[in-house]
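Quick notes on the structure that follows.
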Amino acid sequence: MASKVDDKIMSLREATKLVPNGAHISLGGFTTQRHPMAFVYELIRQKRRNLHFYGHSPGGDLDMLIGAGCVRRVELAYEADEAFARIGPRFRRAVEGGLIEWEDYSNFGMVQRFAAGAMGIPFIPTRTMLGSDIVKKEGFSEKTRRSDPKIAPKKLATINCPFTGDKIVLLPAIQTDVTIIHAQVVDAQGTVRIYGQNFGDEQQAKCAKKLIVTCEEIVQPEELREYPEHNLIPFFRVNAIIKVPYGAHPYACYRYYDYDPEFLRLYHERARDDASFREFFNEYIYGVGDWEEYLGKIGGAEKLRKLKADKKLGYAPKLKRG
Amino acid sequence: MASKVDDKIMSLREATKLVPNGAHISLGGFTTQRHPMAFVYELIRQKRRNLHFYGHSPGGDLDMLIGAGCVRRVELAYEADEAFARIGPRFRRAVEGGLIEWEDYSNFGMVQRFAAGAMGIPFIPTRTMLGSDIVKKEGFSEKTRRSDPKIAPKKLATINCPFTGDKIVLLPAIQTDVTIIHAQVVDAQGTVRIYGQNFGDEQQAKCAKKLIVTCEEIVQPEELREYPEHNLIPFFRVNAIIKVPYGAHPYACYRYYDYDPEFLRLYHERARDDASFREFFNEYIYGVGDWEEYLGKIGGAEKLRKLKADKKLGYAPKLKRG
Amino acid sequence: MEKKYAKDYTLIELMAVAAAREIKDREIVFAGTGLPMLGAMLAQHTHAPNCTIVFEAGAVDCKLAHLPMSVGDPRTMRFASTATGLFDVFSTILQRGYIDVGFLSGAQIDAYGNINATCIGDYHRPKVRFPGSGGSGDIACLSKRTIIIAVHEKRRFPERVDYITSPGWIDGPEGRKRAGLPWGGPSAVITTLGVLRFDERTKRAYLASYHPGVTPKQVKKNTGFKLDVSRAKKTEPPTEAEIKILREKVDPEGIFLKKVAAEE
Amino acid sequence: MEKKYAKDYTLIELMAVAAAREIKDREIVFAGTGLPMLGAMLAQHTHAPNCTIVFEAGAVDCKLAHLPMSVGDPRTMRFASTATGLFDVFSTILQRGYIDVGFLSGAQIDAYGNINATCIGDYHRPKVRFPGSGGSGDIACLSKRTIIIAVHEKRRFPERVDYITSPGWIDGPEGRKRAGLPWGGPSAVITTLGVLRFDERTKRAYLASYHPGVTPKQVKKNTGFKLDVSRAKKTEPPTEAEIKILREKVDPEGIFLKKVAAEE
Chain A
26 MASKVDDKIM
36 SLREATKLVP
46 NGAHISLGGF
56 TTQRHPMAFV
66 YELIRQKRRN
76 LHFYGHSPGG
86 DLDMLIGAGC
96 VRRVELAYEA
106 DEAFARIGPR
116 FRRAVEGGLI
126 EWEDYSNFGM
136 VQRFAAGAMG
146 IPFIPTRTML
156 GSDIVKKEGF
166 SEKTRRSDPK
176 IAPKKLATIN
186 CPFTGDKIVL
196 LPAIQTDVTI
206 IHAQVVDAQG
216 TVRIYGQNFG
226 DEQQAKCAKK
236 LIVTCEEIVQ
246 PEELREYPEH
256 NLIPFFRVNA
266 IIKVPYGAHP
276 YACYRYYDYD
286 PEFLRLYHER
296 ARDDASFREF
306 FNEYIYGVGD
316 WEEYLGKIGG
326 AEKLRKLKAD
336 KKLGYAPKLK
346 RG
Chain B
26 MASKVDDKIM
36 SLREATKLVP
46 NGAHISLGGF
56 TTQRHPMAFV
66 YELIRQKRRN
76 LHFYGHSPGG
86 DLDMLIGAGC
96 VRRVELAYEA
106 DEAFARIGPR
116 FRRAVEGGLI
126 EWEDYSNFGM
136 VQRFAAGAMG
146 IPFIPTRTML
156 GSDIVKKEGF
166 SEKTRRSDPK
176 IAPKKLATIN
186 CPFTGDKIVL
196 LPAIQTDVTI
206 IHAQVVDAQG
216 TVRIYGQNFG
226 DEQQAKCAKK
236 LIVTCEEIVQ
246 PEELREYPEH
256 NLIPFFRVNA
266 IIKVPYGAHP
276 YACYRYYDYD
286 PEFLRLYHER
296 ARDDASFREF
306 FNEYIYGVGD
316 WEEYLGKIGG
326 AEKLRKLKAD
336 KKLGYAPKLK
346 RG
Chain C
9 MEKKYAKDYT
19 LIELMAVAAA
29 REIKDREIVF
39 AGTGLPMLGA
49 MLAQHTHAPN
59 CTIVFEAGAV
69 DCKLAHLPMS
79 VGDPRTMRFA
89 STATGLFDVF
99 STILQRGYID
109 VGFLSGAQID
119 AYGNINATCI
129 GDYHRPKVRF
139 PGSGGSGDIA
149 CLSKRTIIIA
159 VHEKRRFPER
169 VDYITSPGWI
179 DGPEGRKRAG
189 LPWGGPSAVI
199 TTLGVLRFDE
209 RTKRAYLASY
219 HPGVTPKQVK
229 KNTGFKLDVS
239 RAKKTEPPTE
249 AEIKILREKV
259 DPEGIFLKKV
269 AAEE
Chain D
9 MEKKYAKDYT
19 LIELMAVAAA
29 REIKDREIVF
39 AGTGLPMLGA
49 MLAQHTHAPN
59 CTIVFEAGAV
69 DCKLAHLPMS
79 VGDPRTMRFA
89 STATGLFDVF
99 STILQRGYID
109 VGFLSGAQID
119 AYGNINATCI
129 GDYHRPKVRF
139 PGSGGSGDIA
149 CLSKRTIIIA
159 VHEKRRFPER
169 VDYITSPGWI
179 DGPEGRKRAG
189 LPWGGPSAVI
199 TTLGVLRFDE
209 RTKRAYLASY
219 HPGVTPKQVK
229 KNTGFKLDVS
239 RAKKTEPPTE
249 AEIKILREKV
259 DPEGIFLKKV
269 AAEE
């Protein structure tokens, strides 16, 4: 646990120290929203290796980590960017080339596994995935499963319900070493508020042994505590807080800014080819000192003005997307 | 499911028709807050019989239903009114006199059972209750369990986790025929907003086949839908809406009014004895035509003014409670 | 009122209209990005004003003013009834049995409506890797019925998919029951050439309708499994009103209508 | 600074002070109504300013301005960090292993700190029925350690409780492990006569301290099981500062301090 009086506010670089090589991690956000991208870029810059990644439907966040060589194993349901990419190009290449190990579940399956970890139970029962090859085929080898005690000893188990007799799938819980989420507002003690849908962030955050929160704003505790029922995570679960305005770019952050279609298309175009992918990384990650400089690179004040969310709608209604 | 265009707003009397004799029901609220009391009184007036009641920690709500002879079986964790009564007097008498059947779980156990029902799974695993007699002793007889297919075929099961080997308790899910909750605000389509802690209301409501919501206010959909992340129940789960201001009296309703210590003490004093309990019921329930008249009986405008919540605190800071 | 059929429409518009027609009023619909969203929104604007759209990312029954580009798009927040997250939606709505219709797509669809969204070839050494299940497997397992959207090519319609990501009827009328699935199964496949449905007795796909300009023979030729075309009629074309709503109300920015049209 | 012990205090005040002293700074405390709440709040005002109080009804780390009369009291909302409900608190905080200290009480407590809050006599035909577990069984199972509060009478302290609602050490040092409990166990019983603790080797209760005005012999006489009193010291009395804080800051309305004093 972490106390109210701990100093939790730190820089991205300091926070990445909480994620050692080989760590089991998960990132918040979903499809086109609230991935902790500033943190992802910093992990890439710090050249983390052998990460074990748990996701439900990650997108560019995981695709970039894979492309940078940070990831050894993934357990997930999907890797793409919806309307922007039918599959993460670096993920596809890594799987087809045998560069990473993978285990497939469904979205619901993965979120349930995070939920079980958050609830402190070793497994959770479900009716989903029955009849599919997800239930029949294990991705990880036995050797892999034995190599790291943090990996579940098997993918899942099927039993008959002791009450109804129904066939039920049991999914092993996930407790990550570190989960990183991007929230709109946090206070210095660690109370987290997320506006809009929370996706799987609640379960991913609460299943973690350590929790890092990047955010748009750090406010006074009283501001969040006036309506405690609107807060998602109690302060004592949070270990590190980093203020990074626009920290989810190129993804959206409800009520703050929209996703950046131009940049997302650029990434997916470049990431299809090894050479152009390297160039892209050199330009936007390795060749960039800090987040401020990155925001300049992607178009500076003018771009940020275009992405800025309408107060009432929570997104940028005039953004050119087509 | 129920649609946006159904006419869901009705009277208490109409709504009680959704709860037939023998129904499996559950009531929202917890300890001194938000029990749907106006609905309870109406059920008593309508002389419902043989109800199967599921609760975590009910108080006077269940105690009165038992005292009125409405209840045949209970599955619960606790029956008392915290600082106002160490045990529900009618519950105690009914158990000691063998007038009802009962099954004991823990609070967490019961809430997990509601959660499992809400999630659509037939059971939920937990580590609680291990080592207790709750796990060892069944309250319901086999005959009782066989008499109604809606009762779980057994109280619980203990297994070894297929992943960790840990001993784990499996609890059977609850899906009530009807759950009744009392919310602060609902719209005419059925979107529900609860201020303050939601206790077990979310799980109790979402496990129900039919959901009745009594409330302090009915507002326009736009008012609640401006901040959808603050709403608890999507409209299509709600079958009946009844506007009953002060409908949780003598219990509190955060931001609207406080609990009524005077009335709670009066009830628990009277309920200890059969004769005085009958008098109490004649005066406050049977002898009362409607909710308006009840509010007059309990002290009218003056009493309601004393209970009225401070806008900022959400309760009545000057209320005499000692 | 006599129906006025549109003369000028694209294939994607025809498919969106066909998708919309699968939705009944007052149903609860699990919609994904792209065609399902176009279809569901069109249905709300026409014959199913009281259908409810649910997004797995959390938003229930929003009033869209701008077309979302993902199910987690901030645009799906607008005037929603509730907005929670994946765990709540998948468990308390989908698994709890409240979804009437779910939409699916995938890289391969077989004779029993099973879908592959995972890979071609051996699972451990795939020739081609796809994005994976996402919510597709969940929707396939736990919706009361599903509608599949697909590009109709021979290699995409094999007798048996390489990997069942999202179970259809699995291997026949008893397949789902044997697998332990409590309900559900695909009811239609809306393709770029026609609409397939499933035989009540065998649960194998047959051609129910072929799109204007397409012949049953063409559909047969482009299907990798033996396809019964004996019951096929011509797909009812979109009406002028439907096309107008699609272009002016559903996707005025041309996010999907233009994009997919361009890729055709 | 020299400690100034109070001269004028009630038994309930003494017990509240003893409860407070069991809490360490920065701990997360699961508190119920009455004495545990008084103790936890006193601890926050004295040696444990950074301890966090969690209520099972949903509120985490509130800043109380008025003493709650139940764990679901609206008073527990004031400036809380989060306020959810029982499922979230019990599962993601308690079962997840974040509660350092939980408080318990009950009608019977036995030599191994097992608690009965259910009934006297046969479970199916009880002579006396109590309210039942409530959250007590959960706190007993899943807190890292527990403190029990009890009225010290012979019939309330039998060798073996009639019904284990809330497991203590069960039947000795291996009891919890055999039952499958991952951690926890009672560390103290604060009674109206003294404080019991549990022998490290046997996990049986022994008298650790007797309250001012009470003798070890009296405690022994009022205990239904064989009680080792050889290690007993006198309970450290409350300080003037502690009593002042209790009366002026923790319970100025006298909700519990006066009520329980009146019932003595």
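Chains as they are written, first to last, in our numbering: chain A, 26 to 347; chain B, 26 to 347; chain C, 9 to 272; chain D, 9 to 272. Even glycine gets a Cβ: it sits at the ideal position worked out from N, Cα and C. Given the structure is predicted, the values throughout are model-derived calculations rather than measurements.
In this structure, the beta-carbon distance from residue 181 (chain D) to residue 121 (chain D) does not fall below 7 Å. The contact set of residue 104 (chain B) on chain D, defined by CB atoms closer than 8 Å, consists of 139, 140 in chain order. In the DSSP assignment, residue 101 (chain A) forms a beta bridge with A:129. Close partners of residue 82 (chain A) in chain C (Cβ separation under 7 Å): 142. Comparing alpha-carbon positions, the option among B:80, B:240, B:294 lying closest to residue 111 (chain B) turns out to be B:294. With respect to residue 203 (chain D), residue 216 (chain D) sits close: the two C-beta atoms are nearer than 7 Å. Relative to residue 93 (chain D), the option among B:329, B:273, B:175, B:136 whose CA is nearest is B:136.
As for any alpha helix (DSSP H) of minimum length 4 sitting wholly inside the stretch 126-172 of chain B, the runs are 132-144, 158-161, 167-172, ordered along the chain. Under the Cβ criterion of 7 Å, residue 154 (chain A) is counted among the residues facing chain C.
For secondary structure counted as the beta strand (DSSP E) over 3 or more consecutive residues, the stretch 74-98 of chain A holds these complete runs in sequence order: 76-79.
By the CB criterion at 7 Å, residue 170 (chain C) and residue 128 (chain C) fall inside the cutoff.
Judged by DSSP in its simplified three-state form, residue 159 (chain C) adopts coil rather than helix or strand.
Contact annotation for residue 282 (chain A) against chain B: no contact, minimum CB-CB distance about 18 Å [criterion: below 8 Å]. Within chain D, not a single residue places a beta-carbon under 8 Å from that of residue 269 (chain A); the smallest gap is close to 22 Å.
Put simply, of B:89, B:85, B:78, B:84 the residue whose alpha carbon is nearest the alpha carbon of residue 97 (chain B) is B:78. Three or more Cβ pairs closer than 8 Å define a contact, and the stretch 314-323 of chain A falls short of that threshold against the stretch 80-97 of chain A. Secondary structure note for residue 245 (chain B): it is in no beta strand (DSSP E), with a DSSP letter that is neither H nor E. In this structure, the alpha-carbon of residue 327 (chain A) lies about 46 Å from that of residue 159 (chain A).
Spanning the alpha carbons of residue 55 (chain B) and residue 66 (chain D) requires a straight line of approximately 10 Å.
The three-state reading of DSSP puts residue 58 (chain A) in strand, counting E and B together.
Look at residue 226 (chain D) here: in three-state DSSP terms it is helix.
Residue pairing by DSSP places residue 223 (chain A) opposite no residue, since no beta bridge is assigned to it. Between the stretch 65-81 of chain B and the stretch 276-284 of chain B, the count of Cβ pairs shorter than 8 Å is below three; the stretches do not touch. In this structure residue 119 (chain C) is in contact with residue 233 (chain C), their Cβ atoms being roughly 4 Å apart against a cut-off of 8 Å. According to the DSSP assignment, residue 194 (chain D) belongs to no alpha helix (DSSP H) but to the beta strand (DSSP E) extending over 194-199. Taking a Cβ-Cβ cut-off of 8 Å, the neighbours of residue 182 (chain B) in chain A comprise 187, 188, given in sequence order. DSSP places residue 40 (chain A) within a helical segment (H, G or I) once states are collapsed to three. By the beta-carbon neighbour count (other beta carbons within 10 angstroms, threshold 16), residue 30 (chain B) is exposed. For residue 134 (chain C), the enclosing beta strand (DSSP E) begins and ends at 134-137. For residue 290 (chain B), same chain residues with a beta-carbon under 8 Å away, outside a window of 5 residues either side, are 109 in chain order. In the structure shown, the three-state DSSP call for residue 232 (chain A) is coil.
About 15 Å separates the beta carbons of residue 103 (chain D) and residue 138 (chain B), which is beyond the 8 Å limit, so they are not a contact pair. Taken through DSSP and simplified to helix, strand or coil, residue 278 (chain B) comes out as strand. In the displayed model, residue 124 (chain C) falls within a strand according to three-state DSSP.
Counting the other Cβ atoms within 10 Å of the Cβ of residue 245 (chain A) gives fewer than 16, which makes it exposed. The beta strand (DSSP E) runs of length 3 or more contained entirely in the stretch 41-90 of chain C are, from start to end of the chain, 60-62.
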